[in-house]
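For reference, the structure is listed below as structure tokens.
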Amino acid sequence: MNTQYLQTLPDDWEAVARVFSALGDATRQKILLLFEPGESISLKSLTELLPLSRTAVTHHVTTLVRAGLLQPSKRGREVYYSLDLELAIEALDKVRTYAAEMLAASGEQMP
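Each residue of the sequence shown is one higher than the last, beginning at 1 in the UniProt record's numbering.
Pasting the structure below:
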């Protein structure tokens, strides 16, 4: 048993944890799926689309921003958000590499 990470995650896994934590909520998944390629959506538009309070939408959007999945940009008084999925791809790649290494070490092969 590998117990070295019980107290803290390795530094390069902190971002992975934030991404997967953010993606673990269905509302945040819905928010990400609203975006078309290259599209920016205002917080006001998200609030109008979702059956949640502005405070709840802001909370979910802030979680996605902290995870690096959305990038904010201010235009006048309104904040617009756009997708930034590079970190999501990095997190998925890190988990895939870990899984492949664990399978290889156990003598199994990835499908």
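Where is the CB? At the ideal position from N, CA and C, for every residue including glycine.
Range covered by the beta strand (DSSP E) that runs through residue i
i: residue 75; result: 70-75
Buried/exposed call for residue i, threshold 16 Cβ in 10 Å
i: residue 33; result: exposed
i: residue 96; result: exposed
i: residue 28; result: buried
Candidates the options, of which the one nearest residue i by Cα
i: residue 82; options: 14, 23, 31, 89; result: 31
i: residue 25; options: 89, 64, 93, 53; result: 64
i: residue 66; options: 102, 14, 3, 1; result: 14
i: residue 40; options: 27, 2, 61; result: 61
i: residue 77; options: 52, 38, 42; result: 42
i: residue 23; options: 55, 100, 87; result: 87
i: residue 37; options: 85, 54, 3, 100; result: 85
Residue i beta carbon near the ligand NAD (any heavy atom closer than 8 Å)
i: residue 2; result: Absence of the ligand NAD is noted for the structure shown, with no ligands found whatsoever.
Segments of 3+ residues assigned as beta strand (DSSP E) that fall wholly inside the UniProt domain "HTH arsR-type" (6-103): 40-42, 70-75, 78-83
Segment contact flag, the stretch 7-21 with the stretch 46-56, C-beta cutoff 8 Å, min 3 pairs: no
Cβ pair count under 8 Å reaching 3, the stretch 55-72 against the stretch 80-99: yes
Segment contact, 8 Å Cβ cut-off, at least three pairs: the stretch 17-24 with the stretch 84-94: yes
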